[in-house]
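Participant: From first to last, the protein sequence lines stand for chains A, B and C.
The opening position of the first sequence corresponds to residue 1 in the numbering used here, with each subsequent residue numbered one higher.
The opening position of the second sequence corresponds to residue 1 in the numbering used here, with each subsequent residue numbered one higher.
The opening position of the third sequence corresponds to residue 1 in the numbering used here, with each subsequent residue numbered one higher.
Every residue gets a Cβ at the ideal spot worked out from N, C-alpha and C, and that includes glycine.
Sharing a structure here in structure tokens format.
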Amino acid sequence: MSGEFFTVGKSVAPVYGVEKATGEMRFPADLNLPNMLWMKILRSPHAHAKIAAIDVSDALKMPGVVEVLTHKDVPNILFGPYQNEIYPLDEELRFVGDTVAAVAAEDWNLAEQATRAIRVTYETLPAVLDAEAGATPGAPDTVLHYPERHEIKPGDIRPDQLGTFGNIVGLKEGGPTVVNQRGDVERGFADSDVVVQRVFRQCEVNAVSHEPRACVAVYENDKCTLWCSVQDPYRMQDSTARVLGLPMEAVRVVSTNLGGAFGVKVTGRFAILCALLARQTGRPVKIWFTREEESLDSHNRSALTHYVKAGAKKDGSLTALKVRTFQDNGYWPFGGLGQNIAFAISTRPIDLYHRCPNVEWEVFAVRTNYPSTGPYRGRADAESHFPIESVMDELAAAIHMDPIEFRLKNRLNEGDDLCSAPGKVVSTVWVEEAAREGAKTIGWQRRSAVPNATPGPRKRGIGMAMVIHSCGSNPAGTSEAEVVVDRDGRISLFSGTPDQGSEQQTTLRQMVAEIFGVTLEEVHGSNADTSTCPYDSGPFSSRTVYATGIAASRAAEQAKKKVLEQAASLLKREARDLDVGKHAVWIRSEPSRKLRFSDVVGSAGGLISGKGIHNGKDDRLFAYGFAAAFAEVEVDVGTGEVKILRLVSSHDVGRAINPMIVEGQILGGAAQGLGYALTEGFCFDPRTGTALNQWFLDLRTPSILDIPDIEPVIVELGEPTHPFGAKGCSEISYVGVAPAVANAIYNAAGIRLTELPMTPDRVLKALQEAQRSAR
Amino acid sequence: MINFKHIDAASTEDAVAALGRYGEGARVLAGGQDLLFRIKKYIVEPECVINLKTIPGLSAIRSKADENLRIGALTTLSAIARSAELQRNYAVLARAAGVVASPQIRNLGTLGGNICQDVWCWYLQDGFSCWKSGGKFCDLAAGDSRYYGSVMGGHLCLSNHPSDAAVALAALDARVHIVSPKGKRVAPIGEFLCGHNWVGSRLQSHTLGLDEIVTEIEIPLRPTHSAYVKFALRKSWDFAIASVAVSAVIRDHVCEDLRIVLGGVATFPHRSQEAEKLLRNCEIDDASAGAAAEAALENARPLKMNGYKVELSKTLVRRALLSLTGEKTN
Amino acid sequence: MDARESHNITLKINGEVRQIDVESNWTLNDVLRNRLELTGTKRACDYGGCGSCTVLMDGVDVYSCSILAVEAQGKEIQTIEGLGNSEKLHPLQKSFALSYAAQCGWCTPGMILSAKSLLDHNPKPTEAEVRAALSGVLCRCTGYTSIVNAVLDAASVMRGET
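And the structure:
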């Protein structure tokens, strides 16, 4: 498919490659400014407490300690990454690790030592340390004092809108929970030939971005600049302006490159407090999170419990799906993005299995006194596909139908409406093609129809899962882009979206290069600087190649049009008689009559600029991505070890703008997915709410010795809503891995694991239980 | 980090004299791959750190035909893992040293430092009760013991001894050479590592006095066959969830002498003489290996969440023993 | 609060002899990043659990976060900046830059230096040997395959084969 294009479809070297390989790329943590102070945060040791008294005098007495901020010293102005719902500092502390105070000192050790000299008297409060328990009437309140709203913006949830549902984050109008319902599940079960019931539990996990977030703030002449590891620099700009009482144009946020983000690096207290300290001290201030802070003061993927009941007929029709999910929403007073994630959990797999007539999925997003949770790679899909794809396999086995055929029989088609994005319908659906290609690659026909077929203690099996993910349909963001052709004929793309390692800038510039008929190296650009780059909601929900790509293409087309029009007037022809390529414009029928871009732009008296916008809310037809994950495992029944022999990840990507980058994203997502499946997860102490496994090694992200060579399969069948036919793919490779591995384990050893991670102790326990029930 | 003094020791006498001066306020720094992390986490707060790497002559592997193998306490784990001599004749030790943590840690981490490591228990942090940090009971006992809790009981602290090398050395009857201002002594490793014990106000994982350092490890056994099997969640960095060191003298298929030591399951390397007795003067085969495995874990008293380690360890014992004979492991 | 203690140390960094005042509780990583502006060496954890702080010390790959600066006295340190820069890339840097072996970039210097340490004494490693040599650096982004391939490609270039 790539043959028809000049640059698009080629695996050209990434734009930031050299900077990363030489260590020359500067992240906020790498900035050391003259006269800079180091900031450190004092954190709450309690899951729920009030600051009864706080004495910073000992800290301030230490030589080299310049300033300490407590909740008494900061503006009582709300801000937040999703809603305005937290203060820079609060008297009420709502999780172990919550922000108590902030110190600025001459060096990093001193700042840390100073936090330990702050004396705090805490009044501990009852805490909720389990989502299901927290949803039960009579449970303690996780939030004692709802923040006072001084200014409600459109879209903010007001306290009076919140239901009196205790800790369940809900809206009075909608009720305490999110419910996706159609048909009649009880009748569906009555019509079923087979019914399966299971409880699934998924551990809370952290993104473990390798760069712990950092912020350097400078406040001078009533202007504030932040170099800051956030995916949403414009939200950060807005929040900083609000809290500091500055006009927007007086705040500049730069977030060009992030060392991994995965959805979790967003506007937060760390940066707001950094800005406040910069203002207070008149000096640059830097904060750089420790690993523990990056684990706990980030937002994690919720811990979840799903109660699932599913039914099917012998002919392979899914008849009913009933799920009750408890989602640990962490401490967000107004829920953060919890309701939205709850909505997506209850709707996305239902979209995938559109043909199922009877559905009832109820999600309780429950506020707890744990770290905040929110979107992390595969938002809502990683949360929901594990139980559904496990149960789909069980149903298929019960009716003796091939698991792939069973899924495909019930799947959605192009043009179907979407319950995950009301008012929208799905564009292309190449899930069948992706599933079949993936099946071919792994050799699906080798799979034993009967589980537990390998003799000896090392059992082999193959399993799969099918996955859906949107390219940013809900919440649908906005992307603006600008393409500028300057007096030297240079083409530059200005985009508001930070690059978190996905090399989106490469992909976006390839599209721009294609439109102008130049190579990638000839397109320059700048990104994620609020002073120079136009607005972008940020690289979330696999929307960048899609939505920002559309915006960038529109901008490039508009700039190209203006170049052509200017050239047309110079060449005294119509624009449609002209061709563009290699920084030049010529008359198609007389190629020797040519103008360089520099001549064209020079004659226009300035820069030529084109702008493009993509507003996701406006589109009725929306692109969704699909994938199928296939795992071949070996389960050692003597030790409980699950070895991944092969992992195939097959993707409907529409078109791979840069196949090398697409494959890299697929492999990276699948590798992370293996961590979620087998080794990662927080163990919280249920009495105190403290994360027990805080050493980095106890987070257990996979090492180079734990991951096989994952096999990416790319299916390119186009996507008409995108100028180059591309869809996003960076998250979806994560989602299918855990259920594919669970299904492979079942095929290998005849045991159904329902808890993530699927560690050896759980495998051994399941084997023992299987042996006991066999007797 | 806290502020502390740093002293480069010029000799062992220098080091132990400094230890004597500072008492509990001092910590020795060998490879630094353990102590520094504990200082950063405020698990230990020394007044003075004494660098042992500046002492000459403590990092050699000395192997002579008519003498016991001797390894300097400051020999790096990498050097031990790489040594052709050790790979050939003391595979259990070379292998154990080679699976500690990661290459960078092995490049600096020392044998002495590795066997003197304290526990990596999750409850050794603020907010929990831990005997090692002034508490009066062990929160691990009824808490999340799935990885770091003992299945063989323990005295006060129930957290496993984390060292791979120590398990291998226990399977080689190693003797620990120790120096103090009072002179020298030699402790068999089974006495040096015997669970958690009080030294002053410190509940230590070994029996070094406050003013003592390890200078050398001496290995009297010369096994004909040995192996180290480690089971962990990840194949890099992770401490053993369970491990087994076996060393044997096997002639004409018969086991004349044997050591079986379990790691990752007890507060010190757990040697099972019951299991060894079953195999002495026998051939190692499926049945005898299985019987030995059962015997090795017979006295297991798992905690709430680590019972699975019993079956797991039995599998590892069986497989480690069978690997000595080159038989296919089951 | 105990008094701070300072030491004057002399060491070689990327071929240049440097004399610096360091405090007892500074790590080599602190000194490289915060005093010498060599921020190519990263730090993702500070506990020897991630590898992104890897440097070569006397030719051996070590974690700079777990070395006290004062104990780097007399040592020869090589950081990523000492290997090459955008004007003159080392073959390892080139193969990482031209492929997608660096995604977020945070593990890249650690991976490259670990690879250099390997290739210095084993110019023709197998894939398994590459993985073993790099097993002290975690990557969260790539899934490792592209990194292994980049190292094998660079090794081939360094042997003059391509």
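For C/Gly82, name the three-state secondary structure that DSSP assigns.
Facilitator: Three-state result, C/Gly82: helix.
Participant: Quick one: grab the DSSP three-state call for A/Asp30.
Facilitator: Here A/Asp30 sits in helix by DSSP.
Participant: Count the other CB atoms, across all protein chains shown, that sit within 10 Å of the CB of C/Thr126; report buried if there are 16 or more and exposed otherwise.
Facilitator: By the 10 Å Cβ count, C/Thr126 comes out exposed.
Participant: Give a yes or no on whether the C-beta atoms belonging to A/Val253 and A/Thr530 are separated by under 8 Å.
Facilitator: A contact, by the Cβ cut-off of 8 Å.
Participant: So, for A/Trp288: in the same chain, excluding its five sequence neighbours on each side, which residues have a beta-carbon less than 7 Å away from its beta-carbon?
Facilitator: Result list for A/Trp288: Ala29, Pro212 and Ala214, in chain order.
Participant: For A/Ile399 and A/Met392, I'd like the C-alpha separation in whole angstroms.
Facilitator: When rounded, the distance between both Cα atoms is 11 Å.
Participant: Counting Cβ pairs, one atom from each stretch, are 3 or more of them under 8 Å apart for the stretch 710-717 of chain A and the stretch 635-654 of chain A?
Facilitator: Short answer: they touch.
Participant: How about A/Ser255 and A/Cys274: do their beta carbons lie closer than 8 Å?
Facilitator: Not in contact: A/Ser255 and A/Cys274 (Cβ atoms no closer than 8 Å).
Participant: Mind listing the chain B neighbours of A/Thr679? Cutoff is C-beta to C-beta under 8 Å, in chain order.
Facilitator: Near A/Thr679 (Cβ distances below 8 Å), the residues of chain B are Leu233 and Arg234.
Participant: Could you tell me the distance, in whole angstroms, from the CA atom of A/Leu31 to the CA atom of C/Arg43?
Facilitator: Each residue's alpha carbon lies about 14 Å from the other.
Participant: Starting from A/Lys409, trace the alpha helix (DSSP H) both ways and give me its first and last residue.
Facilitator: Per DSSP, A/Lys409 belongs to the alpha helix (DSSP H) from Pro403 to Lys409.
Participant: In its own chain, which residues sit with a C-beta less than 7 Å from the C-beta of A/Glu414, not counting the 5 before and 5 after it?
Facilitator: Only Val426, Ser427, Thr428 and Val429 meet the Cβ criterion.
Participant: So which residues of chain A does C/Gly84 contact, with C-beta pairs closer than 7 Å?
Facilitator: Neighbours of C/Gly84 on chain A, chain order: Thr22.
Participant: Could you name the residues of the stretch 488-502 of chain A whose beta carbon sits closer than 8 Å to any beta carbon of chain C, in the order they occur along the chain?
Facilitator: Here the close residues are Gln500, Gly501 and Ser502.
Participant: Grouping DSSP H, G and I as helix and E and B as strand, with all else coil, what is A/Glu4?
Facilitator: Of the three classes helix, strand and coil, the one that applies to A/Glu4 here is helix, per DSSP.
Participant: So, helix, strand or coil for A/Pro739, using DSSP?
Facilitator: In this structure, A/Pro739 counts as helix in the three-state DSSP scheme.
Participant: For a quick check, are the C-beta atoms of C/Ser171 and C/Thr41 less than 8 Å apart?
Facilitator: With chain C covering only 1 through 162, there is no way to say anything about residue 171 of chain C.
Participant: Would the beta-carbon of B/Leu262 fall within 8 Å of that of B/Leu172?
Facilitator: No, these two residues do not count as a Cβ contact at 8 Å.
Participant: Starting from the beta carbon of A/Gly640, find every residue of chain B whose beta carbon is closer than 8 Å, and list them in chain order.
Facilitator: Correct list: Tyr308 and Leu312.
Participant: Take the Cβ of A/Ala465 as the centre, count every other Cβ of all protein chains shown within 10 Å, and call the residue buried at 16 or more, exposed below.
Facilitator: Buried, by the Cβ-count rule.
Participant: Per DSSP, what kind of secondary structure is A/Val518 in: helix, strand or coil?
Facilitator: Three-state DSSP puts A/Val518 in coil, outside helix and strand.
Participant: Short of 6 Å in beta carbon distance, which residues of its chain neighbour A/His150, apart from the five on each side in sequence? Order them along the chain.
Facilitator: With a pLDDT of 49 at A/His150, under the threshold of 50, the modelled position of that residue is not reliable, and no figure is offered here.
Participant: Does the beta-carbon of C/Met57 have 16 or more other beta-carbons within 10 angstroms, so that it is buried, or is it exposed?
Facilitator: Looking at its Cβ environment, which holds 16 or more other Cβ atoms inside 10 Å, C/Met57 is buried.
Participant: Looking at the C-beta of A/Gln505, does it have a partner C-beta in chain C at a distance below 8 Å?
Facilitator: Not one chain C Cβ lies under 8 Å of A/Gln505.
Participant: Out of A/Leu78, A/Arg348, A/Phe684 and A/Arg775, point me to the one whose CA is closest to A/Thr368's CA.
Facilitator: For A/Thr368, the nearest C-alpha among the options comes from A/Phe684.
Participant: Taking C/Asp61 as the reference, give the member of C/Ser86, C/Gly110, C/Asn149 and C/Glu5 with the closest Cα.
Facilitator: Comparing Cα-Cα distances from C/Asp61 to each of C/Ser86, C/Gly110, C/Asn149 and C/Glu5, the minimum goes to C/Gly110.
Participant: Identify every residue that forms a DSSP beta bridge with A/Ser649.
Facilitator: Note: A/Ser649 sits in a beta bridge opposite A/Ala629 and A/Pro712.
Participant: When burial is assigned at 16 or more other CB atoms within 10 Å of the CB, is B/Asn281 buried or exposed?
Facilitator: It counts as exposed.
Participant: Pull up the distance between the alpha-carbon of A/Pro580 and that of C/Val157, whole angstroms please.
Facilitator: With the sequence shown as reference, residue 580 of chain A is identified as Val, and Pro is not the correct amino acid for it. If you take the alpha carbons of A/Val580 and C/Val157, they lie about 39 Å apart.
Participant: Name the chain B residues whose beta carbon is nearer than 7 Å to that of C/Ser169?
Facilitator: Only positions 1 to 162 of chain C appear in this structure, which leaves residue 169 of chain C out of reach.
Participant: Are any of the Cβ atoms in chain B nearer than 8 Å to that of C/Leu11?
Facilitator: For C/Leu11, the answer is no, since every Cβ of chain B falls outside 8 Å of its Cβ.
Participant: If we cut at 8 Å on Cβ distances, does C/Ala44 have a partner in chain B?
Facilitator: No, no contact with chain B.
Participant: Roughly how many whole angstroms lie between the Cα atoms of A/Lys562 and A/Asp232?
Facilitator: Spanning the two alpha carbons is a distance of roughly 31 Å.
Participant: Taking all protein chains shown into account, decide if A/Met248 is buried (16 or more other Cβ within 10 angstroms of its Cβ) or exposed.
Facilitator: By the neighbour-count rule (16 or more Cβ atoms within 10 Å), A/Met248 is not buried but exposed.
Participant: Mind pulling the chain B residues with CB within less than 8 Å of C/Thr54?
Facilitator: Going along chain B in sequence order, the residues near C/Thr54 (Cβ under 8 Å) are Gln104.
Participant: Note the first and the last residue of the continuous alpha helix (DSSP H) segment covering A/Val120.
Facilitator: First-last for A/Val120: Arg119 to Thr124, but that is the beta strand (DSSP E), not the alpha helix (DSSP H).
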